[in-house]
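Here the protein sequences line up with chains Y and P, keeping their order. For the first sequence, the positions run 16 to 339 when our numbering is used. For the second sequence, the positions run 16 to 339 when our numbering is used. All C-beta atoms, glycine included, are put in the ideal place defined by N, C-alpha and C. Remember, it's a predicted structure, so these values are computed and weren't measured experimentally. See structure below.
2 protein chains.
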Amino acid sequence: MSRQIDYKAAADFLRSHDNYYILIHQSPDGDAVGSGFALCSALRDLGKKANVMCSDPLPGKYSYITDKYEPQRFNHSTTVSIDLADTKLLGKTLSGYSDYIELAIDHHKSNTGFAERLTVDPDASSACEVLYEILTEGEIPISELTATCIYTGMATDTGCFKYDCTTPRCHIIAAELMKEYSLPIGRINRVLFDIKSMERLKFEQKIISNMKVFLDGNCAVAAIMLADLARWGVSEQDTEGVAALPMQIEGVEVGITLKEKEENKFKVSMRSAEKVDVSEICMKFGGGGHTRAAGCMIEGDVDQVRMKVLAAIAPILGIDLWMV
Amino acid sequence: MSRQIDYKAAADFLRSHDNYYILIHQSPDGDAVGSGFALCSALRDLGKKANVMCSDPLPGKYSYITDKYEPQRFNHSTTVSIDLADTKLLGKTLSGYSDYIELAIDHHKSNTGFAERLTVDPDASSACEVLYEILTEGEIPISELTATCIYTGMATDTGCFKYDCTTPRCHIIAAELMKEYSLPIGRINRVLFDIKSMERLKFEQKIISNMKVFLDGNCAVAAIMLADLARWGVSEQDTEGVAALPMQIEGVEVGITLKEKEENKFKVSMRSAEKVDVSEICMKFGGGGHTRAAGCMIEGDVDQVRMKVLAAIAPILGIDLWMV
């Protein structure tokens, strides 16, 4: 049985345990990396042993965080997860820990409640925001490294304070972190949002030129096939963030990215402007996420998958699929 | 003779005058539009007459602000400028007001001090931030429209809180505005930063594919010729924001955009990552701006202009121009 515990109780749990494995989701993004390493850094500052565990390699762009990290040797005794909505997202390497998670710190409203204790706040912008509340309520010290990690996760999940999930509280926390430490936010945000290799820029050009618009211009769909990646010399890891591309087009309410994972199996990422709750649509397909950003896996060939997705979205937009 | 006056004194000036022309710079960006219309809205809320004046048409993306505005008829008596660093930037239509500006509200450290009274704060992120301080110190009411305008300017000039010019104070002001009014920040920021027409996306693809890297990869240069614009069917107005494109490339310290204005005359925009103060370089060429974003006009053909700019930047980066 799992039960929700508040920030203070979560802080008490963290203080009273030791020898942590901190689990984050596969294909880690800035909030997974930020929250995982922020928690690790805060625990180590308390004199505890802690490691961050992830099924996938950590993207090189986060080296300003990961370069400061060395795994520790210890006898593991406590397992916590952070930014993990579902144990399915642990990936193969870590799936063995699924039934032994003692505390889950998260912000996904789709969190499946897999842990013994849950500190899940769906109103928080990011797992990092939840962690910040736990650390400050529990008076656990925040070092410059911890602050850098927390800023990273909050910036990632709010699109640098750009999306509707940005609350006044997000801005206040950013101000508090920046007042206390001279965070190099310009450099961090350039790494998170702007800098691209020439190869990535060319890859984006190719995706954009292949993008198509459906449902009276309300949906833009980008499809990325394994054969394309091979032809363009792009690794799976280099495709992070492409889900934002279809949303750039004027008038688009839902941006859809179909990434072929294996034959007849696609990872579908959805982004929404205003009208559609894409987490609801993705849940229909066994996935989940947030109102404005969600994902799921769908089987079929690219045309079938595209049709399934558009058929699920059309009624919400009040569009008759056969009339457009 | 011009003299600096503080926020409170500026508010007193605004309260004690009437029949305003509010001058903003040509090629208006989000801070010019935001601060101009914020000031206009605040003055009208005080029962005063006020119009915003600009030499150039206002970009359609700001229609969520400009649609709520109607010019008023009155006998003009007071002239103020906002976000205007130099009267040269008034453009031809408004140049006649150059010597009669009674109050300049600005944040450019390159402000030439052209007005009778100056409220110039070079530490502020934006003219909108300076205006916010004036309005709150002077207890001048801020309506939802005024708040929307102020948010627009702050978001524009900080790249949505992304650049190093973002201070804790920017975040606090954003939080205060968002707490007081339910600003549709997701929609505003999509308009300001994300949404592009298919034509614009294709135009950017063309600029990116023509971009070249110089000085050991430290400088990326994009050149936009009048003939290109004609060939691509892109208006001058559609080129706003392209100065950010060269900065996307990994390793680039200075991003340079050369826009041909007429034969042998280029508008040069510079953006800097960390090492170079581009306002200093632009000032050498008679221009100005901020440490991380500045501009100037340079005469010559495209190769000559590019060489002049790179020759000015190379020594600052410790690069010998003849060795790379």
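What residue does the beta strand (DSSP E) around residue i start on, and which one ends it?
{"i": "Phe-176 (chain Y)", "result": "Careful: Phe-176 (chain Y) lies outside any beta strand (DSSP E) and carries neither H nor E."}
{"i": "Gly-106 (chain Y)", "result": "Careful: Gly-106 (chain Y) lies outside any beta strand (DSSP E) and carries neither H nor E."}
{"i": "Asp-121 (chain P)", "result": "118-121"}
{"i": "Ile-97 (chain P)", "result": "93-97"}
{"i": "Lys-124 (chain Y)", "result": "Unbroken run through Lys-124 (chain Y): none, as it is neither H nor E."}
{"i": "Tyr-35 (chain P)", "result": "35-38"}
{"i": "Arg-88 (chain P)", "result": "Counting along the chain, Arg-88 (chain P) falls outside any beta strand (DSSP E), and DSSP gives it neither H nor E."}
{"i": "Lys-227 (chain Y)", "result": "227-229"}
Kindly list, in the order they appear in chain P, the residues whose Cβ is closer than 8 angstroms to that of residue i.
{"i": "Phe-208 (chain Y)", "result": "Lys-177"}
Short of 6 angstroms in beta carbon distance, which residues of its chain neighbour residue i, apart from the five on each side in sequence? Order them along the chain.
{"i": "Ser-96 (chain Y)", "result": "Leu-38, Ile-116 and Ala-119"}
{"i": "Lys-227 (chain P)", "result": "Val-236"}
{"i": "Ala-238 (chain P)", "result": "Leu-273 and Val-317"}
{"i": "Ser-287 (chain Y)", "result": "Val-269, Val-293 and Arg-307"}
{"i": "Ile-264 (chain P)", "result": "Ala-235"}
{"i": "Gln-19 (chain P)", "result": "Leu-133"}
{"i": "Glu-275 (chain P)", "result": "Met-240, Leu-241 and Phe-281"}
Mind checking if residue i is an interface residue toward chain P, Cβ cutoff 7 angstroms exclusive?
{"i": "Glu-265 (chain Y)", "result": "yes"}
{"i": "Leu-332 (chain Y)", "result": "no"}
{"i": "Gly-248 (chain Y)", "result": "no"}
{"i": "Met-285 (chain Y)", "result": "no"}
{"i": "Lys-194 (chain Y)", "result": "yes"}
Using CA coordinates, which residue listed in the options is at the minimum distance from residue i?
{"i": "Ala-25 (chain P)", "options": "P:Pro-86, P:Leu-104, P:Val-145 and P:Pro-137", "result": "P:Val-145"}
{"i": "Ser-141 (chain P)", "options": "P:Val-317, P:Asn-126, P:Ile-20 and P:Ile-157", "result": "P:Asn-126"}
{"i": "Ser-70 (chain Y)", "options": "Y:Thr-93, Y:Tyr-112 and Y:Asn-90", "result": "Y:Tyr-112"}
{"i": "Val-291 (chain P)", "options": "P:Gly-301, P:Gly-248, P:Gly-302 and P:Asn-233", "result": "P:Asn-233"}
{"i": "Gly-270 (chain P)", "options": "P:Met-285, P:Gly-256 and P:Val-293", "result": "P:Met-285"}
{"i": "Ser-42 (chain Y)", "options": "Y:Arg-59, Y:Leu-109 and Y:Asp-27", "result": "Y:Leu-109"}
{"i": "Phe-281 (chain Y)", "options": "Y:Glu-265, Y:Arg-246, Y:Ile-80 and Y:Val-324", "result": "Y:Val-324"}
{"i": "Asp-33 (chain P)", "options": "P:Ala-57, P:Glu-251 and P:Met-16", "result": "P:Ala-57"}
{"i": "Arg-215 (chain P)", "options": "Y:Asp-138, Y:Ile-210, Y:Ile-223 and Y:Phe-218", "result": "Y:Ile-223"}
{"i": "Ser-31 (chain Y)", "options": "Y:Ala-245, Y:Thr-93 and Y:Gln-87", "result": "Y:Thr-93"}
{"i": "Asp-121 (chain Y)", "options": "Y:Gly-106, Y:Ile-149, Y:Asp-114 and Y:Lys-107", "result": "Y:Ile-149"}
{"i": "Lys-64 (chain P)", "options": "P:Ala-259, P:Leu-54 and P:Glu-219", "result": "P:Leu-54"}
{"i": "Arg-321 (chain P)", "options": "P:Glu-277, P:Phe-229, P:Ala-242 and P:Gly-333", "result": "P:Phe-229"}
{"i": "Ala-242 (chain P)", "options": "P:Asp-101, P:Glu-277, P:Ala-329 and P:Arg-88", "result": "P:Glu-277"}
{"i": "Arg-246 (chain Y)", "options": "Y:Thr-81, Y:Phe-218, Y:Pro-199 and Y:Arg-202", "result": "Y:Phe-218"}
{"i": "Ile-80 (chain P)", "options": "P:Met-68, P:Phe-52 and P:Pro-199", "result": "P:Phe-52"}
{"i": "Phe-28 (chain Y)", "options": "Y:Glu-255, Y:Ser-50 and Y:Glu-131", "result": "Y:Glu-131"}
{"i": "Ser-17 (chain Y)", "options": "Y:Thr-161, Y:Asp-114, Y:Gln-220 and Y:Met-213", "result": "Y:Asp-114"}
{"i": "Lys-211 (chain P)", "options": "P:Leu-198, P:Pro-183 and P:Val-257", "result": "P:Val-257"}
{"i": "Ala-329 (chain Y)", "options": "Y:Gly-201, Y:Gly-75, Y:Val-267 and Y:Gly-310", "result": "Y:Val-267"}
{"i": "Pro-199 (chain Y)", "options": "P:Glu-289, P:Ile-155 and P:Ile-334", "result": "P:Glu-289"}
Answer with yes or no whether the minimum CB distance from residue i to chain Y is below 7 angstroms.
{"i": "Ile-223 (chain P)", "result": "yes"}
{"i": "Met-183 (chain P)", "result": "Looking at the sequence itself, residue 183 (chain P) is Pro, so the reference to Met does not match. At least one chain Y Cβ lies under 7 angstroms of Pro-183 (chain P)."}
Once the 5 residues before and after residue i are set aside, which same chain residues still bring their CB inside 8 angstroms of it?
{"i": "Gly-45 (chain Y)", "result": "Tyr-77, Thr-167, Gly-168, Ala-170, Thr-171, Asp-172 and Leu-207"}
{"i": "Ile-188 (chain P)", "result": "Glu-144, Tyr-147, Ile-165 and Met-169"}
{"i": "Lys-107 (chain Y)", "result": "Ser-70"}
{"i": "Gln-319 (chain P)", "result": "none"}
For a contact defined as C-beta to C-beta under 9 angstroms, what are the partners of residue i on chain P?
{"i": "Ile-187 (chain Y)", "result": "His-186, Ile-187 and Ala-190"}
By Cβ distance below 7 angstroms, which residues in the same chain neighbour residue i in space, the five residues on each side in sequence not counted?
{"i": "Lys-23 (chain P)", "result": "Glu-152 and Gly-153"}
{"i": "Ala-327 (chain P)", "result": "Ile-296 and Lys-299"}
{"i": "Ile-331 (chain Y)", "result": "Val-291"}
{"i": "Cys-175 (chain Y)", "result": "Asn-204 and Phe-208"}
{"i": "Asn-279 (chain Y)", "result": "Glu-314, Gly-315 and Asp-316"}
{"i": "Thr-181 (chain Y)", "result": "Ser-140 and Thr-173"}
Along chain Y, in chain order, which residues have C-beta atoms closer than 7 angstroms to that of residue i?
{"i": "Leu-54 (chain P)", "result": "Those within 7 angstroms of Leu-54 (chain P) in chain Y number zero; the least Cβ separation is about 23 angstroms."}
{"i": "Arg-205 (chain P)", "result": "Ala-288"}
Which first and last residues belong to the alpha helix (DSSP H) in which residue i is found?
{"i": "Ser-50 (chain P)", "result": "45-60"}
{"i": "Met-312 (chain Y)", "result": "Unbroken run through Met-312 (chain Y) is the beta strand (DSSP E), 308-314; no alpha helix (DSSP H)."}
{"i": "Phe-281 (chain Y)", "result": "Premise fails: Phe-281 (chain Y) lies in the beta strand (DSSP E), 280-287, not in any alpha helix (DSSP H)."}
{"i": "Tyr-79 (chain P)", "result": "78-81"}
{"i": "Glu-191 (chain Y)", "result": "183-195"}
{"i": "Glu-340 (chain P)", "result": "This structure cannot settle anything about residue 340 (chain P), because the visible part of chain P is limited to 16 through 339."}
{"i": "Leu-244 (chain Y)", "result": "241-247"}
Determine the chain Y residues that contact residue i at a beta-carbon separation under 8 angstroms, and present them in chain order.
{"i": "Gln-220 (chain P)", "result": "Gln-220, Ile-223 and Ser-224"}
{"i": "Glu-289 (chain P)", "result": "Gly-201 and Arg-202"}
{"i": "Leu-216 (chain P)", "result": "Ile-223, Gln-263 and Ile-264"}
Output, in chain order, the set of chain P residues within a Cβ distance shorter than 7 angstroms of residue i.
{"i": "Met-213 (chain Y)", "result": "Ile-264"}
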